[in-house]
Amino acid sequence: MPAATQLNTARLPMRARSTRHIPKVLAWQVAMVVMLLFVATRTWWGVAAAAAVLLVAILLTVPVNGRSLWATMRVRGRFMARRRRLVESPDLPSELVPLGQWLPQLQVTQTRSAAGGEIGVVADGSSWAALLELTSDDVLIVDHGAELNLETLGELIQQDDILFAGIQVVTLTVPAPTAAMLTPDSPALSSYLEIVGGEPTPPAVRRTWIALRLDPQLCLEAVNRRGSGLAGVLATLRFGLHRAQATLKRQGVATRALDPLSIAEVLALASGATPQHAEGSRSAETWRQWSCDGLVHETRTISSYGSDPTANYQALLDSAAQCPAMMVLTSFTISPGQRARGAVRHVCHSEEQAAASDEELIPELAGRLSFGPLGGVQVPGMLATVPLGRQVES
1 MPAATQLNTA RLPMRARSTR HIPKVLAWQV AMVVMLLFVA TRTWWGVAAA
51 AAVLLVAILL TVPVNGRSLW ATMRVRGRFM ARRRRLVESP DLPSELVPLG
101 QWLPQLQVTQ TRSAAGGEIG VVADGSSWAA LLELTSDDVL IVDHGAELNL
151 ETLGELIQQD DILFAGIQVV TLTVPAPTAA MLTPDSPALS SYLEIVGGEP
201 TPPAVRRTWI ALRLDPQLCL EAVNRRGSGL AGVLATLRFG LHRAQATLKR
251 QGVATRALDP LSIAEVLALA SGATPQHAEG SRSAETWRQW SCDGLVHETR
301 TISSYGSDPT ANYQALLDSA AQCPAMMVLT SFTISPGQRA RGAVRHVCHS
351 EEQAAASDEE LIPELAGRLS FGPLGGVQVP GMLATVPLGR QVES
């Protein structure tokens, strides 16, 4: 097991913890000053006005069911804006259309390594990302999850003069045969349960990717040093990818860089796109769920992985393997100046199955992870559980 290391640039997320409440603190300070001014008038209407200011401050800032009124209004506004910006038919291969409806500038391209091999790149109009896939996933995640130390991922944020906008781990878990895929009286299901006995069932499939996202605005000097325009961006991403891959290898984590075809396959798999089953609009977002090609996706954001992210992420994977879902996608993302966050997405045949899978997982982990409410974050949560290197929208 690689030894836990002290993070340097990765400690930037710790700084965010001390500043993220500043707007709320300032709002309360202003409210207190206004209330004192009203009370100082020593009139009944002054006291009434102070009470009204206090009530408004409480309604706008105190969370109810995970969100304050102000936060709910902000999420609702973003939700409505996304629905207006939906692109019905983006100019993309059919397996990438559902993603492209919400990221119209999505593009899968390529660059070449020093050895001449193809390295796939996924772009969204403002950033470029490369993907690594763990080549020994069963060893590192399923059996000995602690060997993939999430704390040390912070070392990847900065490679020499390159500062990545996001380092993201995405894991796709396909639970062993359950009633979500087979009928409760299925002989295959009963036979499988007899084999495993009372032990927790291991997942049928588990794949893990690490996405490294480059925003040129964060390291303009590094980009300009390696070339102009897109050539400089791709050269910078390529150099940072190779350095990150070497860092992971020193920690005992074997990976392979994905080529363009592999990236397209991974994006389609992670988004749940199945063009052969598509009818009408490929995807749609409601307040609590996202649908894609006949499947229902239900996502919760994760605002904190607690004091031991590695162990808690492994606990999340263990619980996901027992969920009554077709597949479960989880993510852990770090960005400069932000706390590590993530999301968990259940993919099922129906709304009822998705809700049941979510309800089964949340109580098991509520004491270890900080989950957000379902409403209004389905597309941001979906994008945060596809390996694009994107942070969960806060």
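The sequence shown begins at 1 in the UniProt record's numbering and counts up by one.
The C-beta atom is built at its ideal place from N, Cα and C for all residues, glycine as well.
Expressed to the nearest angstrom, what Euclidean distance is found between the alpha-carbon atoms of Gly240 and Phe164?
Locating residue 240 in the sequence shown gives position 240, where the first residue counts as 1. Locating residue 164 in the sequence shown gives position 164, where the first residue counts as 1. Going from the Cα of Gly240 to the Cα of Phe164 covers about 8 Å.
In terms of DSSP beta bridges, what is Leu134 paired with?
Numbered from 1 along the sequence shown, position 134 holds the residue referred to as residue 134. According to DSSP, which records beta bridges pairwise, Leu134 is partnered with Thr255.
Can you tell which of Arg226, Arg225, Arg112, Ala264 has the C-alpha that lies nearest to the C-alpha of Ala123?
Residue numbering aside, residue 123 sits at position 123 when the sequence shown is read from its first letter. Ala123 has its Cα closest to that of Ala264, out of Arg226, Arg225, Arg112, Ala264.
Should the segment 289–302 be regarded as contacting the segment 109–126, the criterion being three or more beta carbon pairs within less than 8 Å?
At 8 Å Cβ cutoff, the stretches do not touch.
Taking the beta carbon of Leu37 as the centre, do at least 16 other beta carbons fall within 10 Å, making it buried, or is it exposed?
Here residue 37 corresponds to residue number 37 of the sequence shown, with the count starting at 1. Label assigned to Leu37: exposed.
Between Gly252, Val266, Arg243, which has its C-alpha nearest Trp209's C-alpha?
Taking the first residue of the sequence shown as 1, we reach residue 209 at position 209. Among Gly252, Val266, Arg243, the Cα nearest to that of Trp209 is on Val266.
Is Trp28 helix, strand or coil when you go by DSSP?
One-based indexing of the sequence shown puts residue 28 at position 28. Trp28 falls in the helix class under three-state DSSP.
Can you name, in chain order, every residue of its own chain whose Cβ lies under 6 Å from the Cβ of Ser272, other than the five neighbours on each side?
Translated into the one-based positions of the sequence shown, residue 272 becomes position 272. Checking the displayed sequence, the identity of residue 272 turns out to be Gly instead of Ser. So the qualifying residues of the chain are Cys292, Leu295, Val347.
Measure the CB-CB distance between Ile167 and Arg207 and report whether it falls below 9 Å.
Position 167 of the sequence shown holds residue 167. Position 207 of the sequence shown holds residue 207. No, these two residues do not count as a Cβ contact at 9 Å.
Rounded to the nearest angstrom, how far is the Cβ of Met382 from that of Trp290, given a contact under 8 Å?
On the sequence shown, residue 382 is found 382 positions in, with the first residue counted as 1. On the sequence shown, residue 290 is found 290 positions in, with the first residue counted as 1. With 8 Å as the limit, Met382 and Trp290 qualify as a contact, their Cβ atoms being about 5 Å apart.
From Gln217, Leu218, Leu237, pick the residue whose C-alpha is nearest to that of Arg226; which is it?
Numbered from 1 along the sequence shown, position 226 holds the residue referred to as residue 226. The shortest Cα separation from Arg226 among Gln217, Leu218, Leu237 belongs to Leu237.
With DSSP run on the structure shown, which of helix, strand or coil describes Ile157?
Residue 157 sits at position 157 when you count from the first residue of the sequence shown. Three-state DSSP puts Ile157 in coil, outside helix and strand.
Roughly how many angstroms lie between the CA atoms of Pro324 and Pro363, to the nearest whole one?
Locating residue 324 in the sequence shown gives position 324, counting from the first residue. Locating residue 363 in the sequence shown gives position 363, counting from the first residue. Their Cα atoms are separated by approximately 15 Å.
Looking at Leu26 and Thr173, is the spacing between their C-beta atoms short of 9 Å?
Numbered from 1 along the sequence shown, position 173 holds the residue referred to as residue 173. Numbered from 1 along the sequence shown, position 26 holds the residue referred to as residue 26. No. Outside cutoff.
Rounded to the nearest angstrom, what separates Arg82 and Ser89 at their Cα positions?
Along the sequence shown, read from residue 1 onward, the residue named residue 82 stands at position 82. Along the sequence shown, read from residue 1 onward, the residue named residue 89 stands at position 89. Each residue's Cα considered, the two are about 15 Å apart.
What does residue 443 pair with, by DSSP beta-bridge criteria?
Only positions 1 to 394 of the chain appear in the structure, and residue 443 is not among them; the question remains open.
The alpha helix (DSSP H) spanning residue 402 covers which residue range?
Coverage of the chain is limited to positions 1 through 394, which leaves residue 402 absent and any answer about it impossible.
Compare the Cα-Cα distances from Val33 to each of Leu54, Thr43, Ala48, Arg368 and report the closest residue.
Within the sequence shown, the letter at position 33 stands for residue 33. When only C-alpha atoms are compared, the closest one is Leu54.
Do Arg341 and Thr310 come within 9 Å of each other at the CB atom, strictly closer than that value?
Here residue 310 corresponds to residue number 310 of the sequence shown, with the count starting at 1. Here residue 341 corresponds to residue number 341 of the sequence shown, with the count starting at 1. For Thr310 and Arg341, no; Cβs fall outside 9 Å.
Please identify the residue among Val169, Glu279, Asn149, Leu269 whose C-alpha is closest to the C-alpha of Arg250.
As a position in the sequence shown, residue 250 is number 250, starting the count at 1. That would be Asn149, whose Cα lies nearest to the Cα of Arg250.
Tell me whether Asn312 is buried or exposed, calling it buried when 16 or more other Cβ atoms sit within 10 Å of its Cβ.
Translated into the one-based positions of the sequence shown, residue 312 becomes position 312. Asn312 comes out buried.
What residues match up with Leu214 in a beta bridge as DSSP calls it?
Your numbering for residue 214 matches position 214 in the sequence shown. Note: Leu214 sits in a beta bridge opposite Trp128.
Helix, strand or coil for Arg206? Go by DSSP, reduced to three states.
Along the sequence shown, one-based indexing puts residue 206 at 206. Arg206: strand per DSSP, three-state reduction.
Which residue's Cα is closest to the Cα of Trp28: Ala49, Val56, Thr43?
Here residue 28 corresponds to residue number 28 of the sequence shown, with the count starting at 1. The residue with the shortest Cα to Cα distance from Trp28 is Val56.
Which residues in the same chain have their Cβ closer than 7 Å to the Cβ of Asp143, if we skip the five residues on either side of it in sequence?
The sequence position of residue 143 within the sequence shown is 143, counting from 1. At Asp143 the pLDDT is 40, less than 50, meaning the model places this residue with poor confidence; the figure from the coordinates comes in the next sentence. Here the set comprises nothing.
Tell me which residues share the same chain as Gln107 and place their Cβ nearer than 6 Å to its Cβ, disregarding the 5 neighbours each side in the sequence.
Within the sequence shown, the letter at position 107 stands for residue 107. For Gln107, where only same-chain residues beyond five positions count, the Cβ hits under 6 Å are Ala123.
Distance, Cα to Cα, Thr391 vs Trp44?
One-based indexing of the sequence shown puts residue 391 at position 391. One-based indexing of the sequence shown puts residue 44 at position 44. According to the sequence as given, residue 391 is Gln; it is not Thr. Distance between the alpha carbons of Gln391 and Trp44: 49 Å.
Taking the alpha-carbon positions, what's the Ser331 to Val30 distance?
To locate residue 331, count along the sequence shown from 1; it is residue 331. To locate residue 30, count along the sequence shown from 1; it is residue 30. C-alpha separation (whole angstroms): 38 Å.
Where Ala176 and Gly375 are concerned, what is the direct C-alpha to C-alpha distance, given to the nearest angstrom?
Counting from one through the sequence shown, the residue named residue 176 turns up at place 176. Counting from one through the sequence shown, the residue named residue 375 turns up at place 375. The alpha-carbon atoms of Ala176 and Gly375 are separated by roughly 29 Å.
Taking C-alpha atoms, which residue in Cys219, Glu352, Arg339 lies nearest to Ser370?
As a first step, residue 370 is located in the sequence shown; it is residue number 370 there, counting from the start. Of the candidates Cys219, Glu352, Arg339, the one whose C-alpha sits nearest the C-alpha of Ser370 is Arg339.
Please identify the residue among Pro380, Ser262, Val344 whose C-alpha is closest to the C-alpha of Tyr305.
On the sequence shown, residue 305 is found 305 positions in, with the first residue counted as 1. Residue Val344 is the option with its Cα nearest to Tyr305.
Please tell me whether Thr247 and Glu155 are closer than 9 Å, where the distance is taken between their beta carbons.
By 1-based counting over the sequence shown, the position of residue 247 is 247. By 1-based counting over the sequence shown, the position of residue 155 is 155. Against a cut-off of 9 Å, the Cβ pair of Glu155 and Thr247 comes out as a contact.
Would you report the Cα separation of Ala71 and Gln159, rounded to the nearest angstrom?
Here the question's residue 71 lines up with position 71 in the sequence shown. Here the question's residue 159 lines up with position 159 in the sequence shown. Approximately 35 Å, taken between the alpha carbons.
Where does the unbroken alpha helix (DSSP H) through Gly337 begin, and where does it stop?
Indexing the sequence shown from 1 puts residue 337 at position 337. From DSSP, Gly337 is part of no alpha helix (DSSP H); its letter is neither H nor E.
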